[in-house]
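The sequence shown begins at 1 in the numbering used here and counts up one residue at a time.
A quick write-up on the structure given underneath.
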Amino acid sequence: MTDRQIWKQYCVHRKSTAEIARMIGGIKHEPHVERVILQCLDALYDERKHA
């Protein structure tokens, strides 16, 4: 999957944090890591929306 496909999926479906974390790096289930990733994606999404 390309970054663009992952981004598109995120924007359309807003998958669970665990799914997003696995898609990005196959990292283990670590809630704090998942939260950070989701916060980053949310921030990016907001930036793009208001660009």
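Every residue gets a Cβ at the ideal spot worked out from N, C-alpha and C, and that includes glycine.
As the structure is a prediction and not an experimental result, all values here were calculated from the model.
Exercise for review: Could you have a look at HIS50 and say whether DSSP puts it in helix, strand or coil?
Suggested key: Mapped onto the sequence shown, residue 50 falls at position 50. Coil, per DSSP.
Review point. Does the Cβ of LEU41 have 16 or more other Cβ atoms within 10 Å, making it buried, or fewer, making it exposed?
Key: If you number the sequence shown from 1, residue 41 lands on position 41. LEU41 is buried by the Cβ-count criterion.
Review point. Excluding sequence positions up to five away, which residues of its chain have a Cβ less than 6 Å from the Cβ of ASP46?
Key: Your numbering for residue 46 matches position 46 in the sequence shown. Excluding sequence neighbours, ASP46 sits near nothing in its chain.
Review point. Roughly how many angstroms separate the alpha carbons of ARG48 and ASP3, rounded to a whole number?
Key: Along the sequence shown, one-based indexing puts residue 48 at 48. Along the sequence shown, one-based indexing puts residue 3 at 3. Rounded to whole angstroms, ARG48 to ASP3 spans 15 Å at the Cα level.
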